[in-house]
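For reference, the structure is listed below as structure tokens.
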Amino acid sequence: MALRKNESIEDYLECILMLAEKKPVVRSVDIANEMGFKKSSVSVAMKNLREKEHIVVSDEGYITLTESGKEIATRIYERHSLLTEWFVNIGINPEVAADDACKVEHDISQESFEAIKKYVLNCRKNCENCEIYKRRYSK
Numbered sequence: 056m057a058l059r060k061n062e063s064i065e066d067y068l069e070c071i072l073m074l075a076e077k078k079p080v081v082r083s084v085d086i087a088n089e090m091g092f093k094k095s096s097v098s099v100a101m102k103n104l105r106e107k108e109h110i111v112v113s114d115e116g117y118i119t120l121t122e123s124g125k126e127i128a129t130r131i132y133e134r135h136s137l138l139t140e141w142f143v144n145i146g147i148n149p150e151v152a153a154d155d156a157c158k159v160e161h162d163i164s165q166e167s168f169e170a171i172k173k174y175v176l177n178c179r180k181n182c183e184n185c186e187i188y189k190r191r192y193s194k
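Going by this note's numbering, the residue at position 100 of the sequence shown is 155; the numbering climbs one at a time, nothing skipped.
Right, dumping it as structure tokens:
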């Protein structure tokens, strides 16, 4: 299944954000390695992200998110993290949960996401509720 354009943009921005948290600088080769893409594909994507003013690329090839890029990446990362946690809380294998979260994070409505976020935050405060839910629905 081919990625939709916005989904691809969001995935690249999320990847840059995550790499920037782990590495002092982010380069195209780092993104290619992390995402399992060819460097040529990443170069085309970086050109597109530059044109949309979501990233800045230094003369040395270091990639930095702009405010708009960071805003999108942070939103997608939050969705990915909370959806993964929600899937795990309801009894899904963590690896499957992360894969499914990646698929859902781009398309879920804000209303549905906010409800899931509320559930996850409640579970963090009161784990007993999550265990009851997991036992009831994961059979």
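Where a beta carbon is used, it is the ideal one built from N, C-alpha and C, also for glycine.
| field | Close Cβ partners of Met73 (< 6 Å) along its chain, the five nearest in sequence each way excluded | value | Taking the first residue of the sequence shown as 1, we reach residue 73 at position 18. Contacts found: none.
| query | Ala100 and Ser63: beta carbons closer than 8 Å? | reply | Walking along the sequence shown from the start, residue 100 turns up at place 45. Walking along the sequence shown from the start, residue 63 turns up at place 8. Closer than 8 Å, so yes.
| In whole angstroms, what separates the C-alpha of Asp66 from that of Ala87? | Position 11 of the sequence shown, counted from the start, is the residue given in the question as residue 66. Position 32 of the sequence shown, counted from the start, is the residue given in the question as residue 87. Computed Cα separation, rounded: 12 Å.
| request: Answer yes if the stretch 119-139 comes into contact with the stretch 155-165, meaning at least three C-beta pairs across the two stretches below 8 Å, and no otherwise. | output: Yes, the stretch 155-165 touches the stretch 119-139.
| task | Could you please give the first and the last residue of the uninterrupted beta strand (DSSP E) stretch that includes Ile118? | result | As a working mapping, residue 118 is identified with position 63 in the sequence shown. Taken as a continuous stretch (DSSP letters only), the beta strand (DSSP E) holding Ile118 covers Ile118 to Leu120.
| How would you label Cys182, buried or exposed, when you count the other beta carbons within 10 angstroms and need 16 or more for buried? | Against the sequence shown, residue 182 aligns to sequence position 127. With fewer than 16 other Cβ atoms within 10 Å, it is exposed.
| query | Should the stretch 105-118 be regarded as contacting the stretch 137-149, the criterion being three or more beta carbon pairs within less than 8 Å? | reply | no
| Beta-ladder partner(s) of Val143, from DSSP | For the purposes of this step, residue 143 is identified with residue 88 of the sequence shown, where counting begins at 1. BP columns for Val143 are empty, so no partner.
| task | Assign Asn177 to one of two classes, buried (16 or more other C-beta atoms within 10 Å of its C-beta) or exposed (fewer than that). | result | Reading the sequence shown from its first residue, position 122 is the one you call residue 177. When all chains shown are included, Asn177 counts as exposed.
| Asp155 versus Thr139: straight-line alpha-carbon distance, rounded | Counting from one through the sequence shown, the residue named residue 155 turns up at place 100. Counting from one through the sequence shown, the residue named residue 139 turns up at place 84. In a straight line, the C-alpha of Asp155 is about 8 Å away from that of Thr139.
| message | Here's a check: name, in chain order, each residue in its chain whose Cβ is nearer than 6 Å to the Cβ of Thr119, leaving out the five neighbours to either side. | response | Taking the first residue of the sequence shown as position 1, residue 119 is located at position 64. Excluding sequence neighbours, Thr119 sits near Val111.
| request: For the stretch 74-99, list the alpha helix (DSSP H) runs that are entirely contained and at least 4 residues long, ordered along the chain. | output: 83-90
| DSSP state of Arg163, grouped into three classes? | Here residue 163 corresponds to residue number 108 of the sequence shown, with the count starting at 1. First, the amino acid is wrong: residue 163 is Ile here, not Arg. Three-state DSSP puts Ile163 in coil, outside helix and strand.
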